[in-house]
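In this note's numbering, the protein residues as written are 64 to 291.
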């Protein structure tokens, strides 16, 4: 994972470890969870986090920087698609099947499409460091759609569009203009002050599921790291 926080509690003499990905703690993500039932039966969940890497030109010229180095666990799946996966897992949990269709150069995925099967719908997570596109997430149901026009680790706002006669659309933002890490620090303070081990277990479970999906996807695509 990208960053990890270690906390040692004085009273209970216990130590916990928490992933630093903030997606599931963002108020907008919690609000999306509340609004999901309005979408009816979910059919398609897509998330595209593509941005042309400033290091890709060097990679094309033959230089291998850490972002594209298999020896340093680089690649689009690990660097960008992790946020798409984390949002999906936060909302829907572990999938039934995992496939990864990657564009591989010199042993690393410079871009790729992750496909996750869920009992009643499909998730498609796109991430690219060798090309760019509008960053967008859509959760589509038979009664409406939720759209996010920022990356899955920010979710600055989202739009709920329902299949009603008046095509009702509502844009929501309850992050209150705070820096995207504010809510993460706030949650960590609460965990520390309350020694909330149930919350840390919840956060760890999402982290482990996200990591399992990444590992399975990567190995299916034939992308190997030294730890393998």
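We put the CB at the ideal spot given by N, CA and C, even for glycine.
Query, Result
"Count the other C-beta atoms from every protein chain shown that fall within 10 angstroms of the C-beta of residue 196, then say buried if there are 16 or more, exposed otherwise.", "exposed"
"Where do the ends of the beta strand (DSSP E) carrying residue 203 lie?", "199–204"
"Just to confirm the assignment, what range does the beta strand (DSSP E) spanning residue 233 have?", "232–235"
"Take residue 85 as the anchor and find which of 175, 100, 247 has the nearest alpha-carbon.", "247"
"Candidates 231, 263, 151: which alpha carbon is nearest residue 326's?", "The chain is shown from 64 up to 291; residue 326 falls before or after that span and cannot be answered."
"Compare the beta carbon distance of residue 173 and residue 193 with 7 angstroms and say whether it is the shorter of the two.", "yes"
"Could you check the C-alpha separation between residue 127 and residue 214 for me, to the nearest Å?", "26 angstroms"
"Determine, using beta carbons only, whether residue 139 and residue 200 come nearer to each other than 7 angstroms.", "no"
"Which complete beta strand (DSSP E) runs does the segment 103–151 hold, if anything under 3 residues is left out?", "105–113"
"Can you tell me whether residue 265 is buried or exposed, with buried defined as 16 or more other CB within 10 angstroms of its CB?", "exposed"
"With a cut-off of 8 angstroms, do at least 3 Cβ pairs link the segment 204–213 to the segment 222–241?", "yes"
"With burial defined as no fewer than 16 other Cβ atoms inside 10 Å of the residue's Cβ, what is the status of residue 113: buried or exposed?", "buried"
"Which residue comes first and which comes last in the beta strand (DSSP E) that contains residue 210?", "207–211"
"Compute the Euclidean distance between the alpha carbons of residue 134 and residue 187, then round it to the nearest angstrom.", "27 angstroms"
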